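Here the structure comes first, spelled out in structure tokens, and everything after it is commentary.
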Amino acid sequence: MPAIIFAVLALAVAGVGIGFAAGHYTNRTTTITTTSAAPAVPATTAQQAVSVSPTVAAGAHTFVQFACAQCHGVQGRGGVSPYVPALSTIKTSLTEAQLEHIINHGLGESANPTKPYMPVWGEVISKTQVHDLVAYIRAGLPAVADTQPVSVPAGQGDPVAGAALYVKYGCINCHGPNGLGGVPNPLSPDKTIPVLSGQGFRQQFNTDAKIAAVIRSGSVIGKAPIVSMPHWGGILTPVQIAELIAYLKTLK
Ligand code: HEC
Ligand code: HEC
313 MPAIIFAVLA LAVAGVGIGF AAGHYTNRTT TITTTSAAPA VPATTAQQAV
363 SVSPTVAAGA HTFVQFACAQ CHGVQGRGGV SPYVPALSTI KTSLTEAQLE
413 HIINHGLGES ANPTKPYMPV WGEVISKTQV HDLVAYIRAG LPAVADTQPV
463 SVPAGQGDPV AGAALYVKYG CINCHGPNGL GGVPNPLSPD KTIPVLSGQG
513 FRQQFNTDAK IAAVIRSGSV IGKAPIVSMP HWGGILTPVQ IAELIAYLKT
563 LK
């Protein structure tokens, strides 16, 4: 009998201890569960179903929304282009301030149309989202549930595929839904990122070749924090660029 009482008492004490530790150390964790549904992960780094903080989870969503994943690979594992580094090994080798600076200001431009560069994001990604991205990168870019990019429908024609690519590659974040614009670029001559629809656009970009050229090679309209057109050559295939153009041509 005394032994049982002792055991119950010990459990109760342990319970208090665990409760305290949980409240004390994990107030920024749990709430969001992650999946281990990443097929290309080598066995050694395979993810357990771990919990991440809401900040890290938000960063994972922003990473997909702004197409970081389309250049740096799923979970920043690289493999998209030899010019785009993996981010999965950064963790603490770059400080928070360095990461914030790289995201806000980019890393300089390249004139070679097949060599992509890190774009300037400062005017298009909010401070909170940049903070979330930094937390996500420093957490090692874990797998987070429901962060798959939109899938691109096959067999439904180029404009349909192009509309999905417009979201998947983050064009929508800078050029607005349906290419209607409205995204500020305060220090640029136009003060805004251009629309991709309407008469002005159609007159200036009156051939597929002209549209393809700007998608492939981007533009450099000034130094950061001015946002330039990122350069998608070496990231988007010629077929994907043709699909995007077919979509843009459906916009009134
Ligand atoms: C159009 C392709 C592209 C996109 C989109 C892109 N990056 Fe990059 N990023 C690059 C390239 C290329 C580099 C290598 C530096 C360079 O040559 O400019 C780079 C470098 C970086 C670095 C520095 C890596 C290191 O090891 O020093 C970080 C951090 C980074 N990118 C984060 C991001 C984040 C976060 C996003 C999404 C908001 C993003 N990138 C979107 C192409 C891209
Ligand atoms: C980081 C923001 C950003 C993203 C993402 C982006 N663009 Fe742009 N884009 C710009 C800016 C800024 C310009 C204006 C460049 C200039 O004036 O030289 C531009 C120009 C263009 C133009 C030429 C229009 C004009 O009037 O100059 C086309 C076409 C275009 N982008 C298509 C795309 C497509 C397709 C995507 C997705 C694959 C995309 N953009 C993603 C910022 C962006």
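Residue numbers (my numbering): 313 to 564. All C-beta atoms, glycine included, are put in the ideal place defined by N, C-alpha and C. Given the structure is predicted, the values throughout are model-derived calculations rather than measurements.
Report task. May I ask you to check if the CB of VAL526 is nearer than 7 Å to at least one heavy atom of ligand 2? Result -> yes
State the DSSP-derived secondary structure class of PRO489, mapped to helix, strand or coil. helix
| Taking one C-beta from the region 452 to 469 and one from the region 361 to 380 each time, how about it: are there three or more such pairs within less than 8 Å? | yes
At which residues does the alpha helix (DSSP H) containing HIS412 begin and terminate?
This sequence places Glu at residue 412; His is not what is there. Start and end: 408 to 417.
Next on the checklist: In this structure, how does DSSP classify GLY545 when only helix, strand and coil are distinguished?
Outcome noted: strand
**Request:** Can you tell me which of the three DSSP states VAL462 falls into?
**Result:** Reduced to three states, the DSSP call for VAL462 is coil.
Quick check: the Cα distance between GLN552 and GLY474, rounded to an integer number of angstroms? 7 Å
- Where does SER365 land, buried or exposed, given buried means 16+ other C-beta within 10 angstroms? buried
| field | Whole-Å CB distance - GLY482 paired with ALA558, under 8 Å assumed | value | Contact flag wrong, Cβ pair sits at about 19 Å.
**Asked** Do you know how far the Cα of CYS383 is from the Cα of VAL446?
**Response** 17 Å
| task | Compute the distance between the beta-carbons of LEU437 and ILE402, then report whether it is under 8 Å. | result | Rather than Leu, the amino acid found at residue 437 in this sequence is Ile. No, the Cβ-Cβ distance between ILE437 and ILE402 is not below 8 Å.
Practice item. Assign PRO496 to one of three DSSP states: helix, strand, or coil. Key: Strand at PRO496.
C-alpha gap between ARG389 and PHE513, whole angstroms: 37 Å
Evaluate LYS522 with the Cβ neighbour count: other Cβ atoms within 10 Å of its Cβ, from every protein chain shown; 16 or more gives buried, anything less gives exposed.
-> exposed
Check: Taking Cβ positions, are PRO542 and GLY530 nearer each other than 8 Å?
Finding: yes
*Inter-residue Cα distance where the pair is ALA554 and THR519*: A straight line joining the alpha-carbon of ALA554 with that of THR519 spans about 12 Å.
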